[in-house]
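Remarks on the structure that follows.
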Amino acid sequence: MEKLTVAVQPPYNVLLEKGLLTRAGSAAAEAVKGRHVMIVADDGVAPLYLDRAVSSFEAAGFRADSFVFPQGETHKSLQTVEQVLLAADRAGITRSDGFVALGGGLTGDLTGLAAALYLRGVDLIQIPTTLLAMVDASVGGKTAVNLAAGKNLCGVFSQPRLVIADPDTLSTLSPALFAEGMAEVIKYGAICDAALLDRVARHTDLTAVIADCIRIKADIVCRDERDLGQRQLLNLGHTFGHALEKLNSFSIYHGEGVAVGLLIAAFAAEKHGLCQTGVYAELRRLLSDWRLPVSTSFDARTVAQNALNDKKRQGDRITLVLPVRRGRSELYPLPTGELASFIACCDGEVTGL
Ligand code: GLY
Numbered sequence: 024m025e026k027l028t029v030a031v032q033p034p035y036n037v038l039l040e041k042g043l044l045t046r047a048g049s050a051a052a053e054a055v056k057g058r059h060v061m062i063v064a065d066d067g068v069a070p071l072y073l074d075r076a077v078s079s080f081e082a083a084g085f086r087a088d089s090f091v092f093p094q095g096e097t098h099k100s101l102q103t104v105e106q107v108l109l110a111a112d113r114a115g116i117t118r119s120d121g122f123v124a125l126g127g128g129l130t131g132d133l134t135g136l137a138a139a140l141y142l143r144g145v146d147l148i149q150i151p152t153t154l155l156a157m158v159d160a161s162v163g164g165k166t167a168v169n170l171a172a173g174k175n176l177c178g179v180f181s182q183p184r185l186v187i188a189d190p191d192t193l194s195t196l197s198p199a200l201f202a203e204g205m206a207e208v209i210k211y212g213a214i215c216d217a218a219l220l221d222r223v224a225r226h227t228d229l230t231a232v233i234a235d236c237i238r239i240k241a242d243i244v245c246r247d248e249r250d251l252g253q254r255q256l257l258n259l260g261h262t263f264g265h266a267l268e269k270l271n272s273f274s275i276y277h278g279e280g281v282a283v284g285l286l287i288a289a290f291a292a293e294k295h296g297l298c299q300t301g302v303y304a305e306l307r308r309l310l311s312d313w314r315l316p317v318s319t320s321f322d323a324r325t326v327a328q329n330a331l332n333d334k335k336r337q338g339d340r341i342t343l344v345l346p347v348r349r350g351r352s353e354l355y356p357l358p359t360g361e362l363a364s365f366i367a368c369c370d371g372e373v374t375g376l
């Protein structure tokens, strides 16, 4: 079993092994004091994995209650958080007990926020069941729900007590959901790990690839837990990706937006002489190998306008993340007024098609 430590205060482990879900309870028993948990899952994941999770916690001496909510972005809301809190109260969860997020990034973000709020904070165990949640959302303590004004606008930083990742749970993902996780994997390679790009190209051992991503994320998070500096590197592809998600009324997967966002960043960086030639072509090849989108019909000006509403904007500047060479990206602050002209070169290649 891989045991990776996220060295924040207090530190916590990410356990990674095929088949680990059936031993989640005993792994949790070593990490938390309480013996009563509420497992939160959506109604897509619950029929697949909830019974297994409940049995595993019960076998390890926990009382395990559950709360199931309807799948979908509209349920990533303060109303659902309130329902989780009320369910926890009904179940008699106390301050020394905990919540378990079983599912994808949406479930992890929502349950993380509920855990941070319930009785001013109870333990959270993340059990990600999507590739995206395994390599990104479950690690690092970002919690959030959406507001009418936009995605993930309401949240706190609150680290989990433990992350339990079982790659066997990925076998039930649709090809498109698996691929959106690969967009995040490719993002990690483009940020800081050329060898990871090689592994992705060779389609090598998935568990090892997941471990590489978690290691990168853990390293960045412990250096900048509150997202004030280097952690912003993890937003490579996200400023434009979020804009595309919004422009498509959230009908595309997050990772699909990230894929095109990555290519906008790489193509513009190359065209402005900020990035070695060839980076864009390689990223495009890797993303299309996973059948991820590599272009959008929205033109660069429209993408830029929507990107400027992003919560990563600070006053009249926006910090872009740009690849500079293979396996290396850097932060690139830009006046907001220059964003549209900076990516205008993408029209006809990545945007406006
Ligand atoms: N998903 C980006 C971050 O955790 O900072």
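Residue numbering for the sequence shown follows my numbering, starting at 24 and increasing by one per position. Using N, Cα and C, we set each Cβ at its ideal position, and we do this for glycine too. A quick note: this is a predicted structure, and the numbers were derived from the prediction, not measured.
Out of curiosity, what's the CA-to-CA distance linking residue i and residue j?
{"i": "residue 358", "j": "residue 156", "result": "32 Å"}
{"i": "residue 121", "j": "residue 136", "result": "13 Å"}
{"i": "residue 129", "j": "residue 177", "result": "13 Å"}
{"i": "residue 54", "j": "residue 185", "result": "7 Å"}
{"i": "residue 100", "j": "residue 89", "result": "18 Å"}
{"i": "residue 144", "j": "residue 116", "result": "12 Å"}
{"i": "residue 306", "j": "residue 109", "result": "45 Å"}
{"i": "residue 134", "j": "residue 283", "result": "29 Å"}
{"i": "residue 278", "j": "residue 239", "result": "18 Å"}
{"i": "residue 197", "j": "residue 204", "result": "11 Å"}
{"i": "residue 48", "j": "residue 361", "result": "52 Å"}
{"i": "residue 285", "j": "residue 36", "result": "29 Å"}
{"i": "residue 67", "j": "residue 73", "result": "10 Å"}
{"i": "residue 223", "j": "residue 230", "result": "12 Å"}
{"i": "residue 225", "j": "residue 369", "result": "29 Å"}
{"i": "residue 241", "j": "residue 187", "result": "14 Å"}
{"i": "residue 317", "j": "residue 138", "result": "37 Å"}
{"i": "residue 207", "j": "residue 342", "result": "19 Å"}
{"i": "residue 161", "j": "residue 146", "result": "14 Å"}
{"i": "residue 324", "j": "residue 194", "result": "39 Å"}
{"i": "residue 126", "j": "residue 65", "result": "7 Å"}
{"i": "residue 246", "j": "residue 179", "result": "18 Å"}
{"i": "residue 33", "j": "residue 200", "result": "32 Å"}
{"i": "residue 175", "j": "residue 167", "result": "5 Å"}
Which partner residues of residue i appear in the DSSP bridge assignment?
{"i": "residue 354", "result": "344"}
{"i": "residue 126", "result": "151"}
{"i": "residue 35", "result": "29"}
{"i": "residue 221", "result": "DSSP, once it has assigned bridges, lists no residue as partnering residue 221."}
{"i": "residue 173", "result": "170"}
{"i": "residue 62", "result": "89, 123"}
{"i": "residue 11", "result": "The question about residue 11 has no answer here: the residues shown for the chain are numbered 24 through 376."}
{"i": "residue 133", "result": "In the DSSP output, where bridge partners are listed per residue, residue 133 has none listed."}
{"i": "residue 186", "result": "37, 149"}
{"i": "residue 370", "result": "374"}
{"i": "residue 249", "result": "According to DSSP, which records beta bridges pairwise, residue 249 is partnered with nothing at all."}
{"i": "residue 337", "result": "340"}
Shorter than 8 Å from the beta carbon of residue i to some beta carbon of chain B?
{"i": "residue 372", "result": "Going by chain labels, chain B is absent from the structure shown, which holds only one protein chain."}
Do residue i and residue j have their C-beta atoms within less than 8 Å of each other?
{"i": "residue 262", "j": "residue 330", "result": "yes"}
{"i": "residue 382", "j": "residue 347", "result": "Residue coverage of the chain in this structure runs from 24 to 376, which leaves residue 382 outside it and unanswerable."}
{"i": "residue 91", "j": "residue 69", "result": "yes"}
{"i": "residue 142", "j": "residue 118", "result": "yes"}
{"i": "residue 215", "j": "residue 351", "result": "yes"}
{"i": "residue 234", "j": "residue 326", "result": "no"}
{"i": "residue 275", "j": "residue 257", "result": "no"}
{"i": "residue 220", "j": "residue 232", "result": "no"}
{"i": "residue 86", "j": "residue 46", "result": "no"}
{"i": "residue 26", "j": "residue 190", "result": "no"}
{"i": "residue 372", "j": "residue 321", "result": "no"}
{"i": "residue 259", "j": "residue 288", "result": "yes"}
{"i": "residue 76", "j": "residue 29", "result": "no"}
{"i": "residue 192", "j": "residue 152", "result": "yes"}
{"i": "residue 150", "j": "residue 71", "result": "no"}
{"i": "residue 51", "j": "residue 83", "result": "yes"}
{"i": "residue 31", "j": "residue 248", "result": "yes"}
{"i": "residue 17", "j": "residue 169", "result": "An answer regarding residue 17 cannot be provided, because it is not within the stretch 24 to 376 covered by the chain."}
{"i": "residue 202", "j": "residue 376", "result": "no"}
{"i": "residue 349", "j": "residue 217", "result": "yes"}
| task | Quick one: residues with CB closer than 6 Å to any heavy atom of the ligand GLY, in chain order, please. | result | 159, 163, 165, 250, 254, 257
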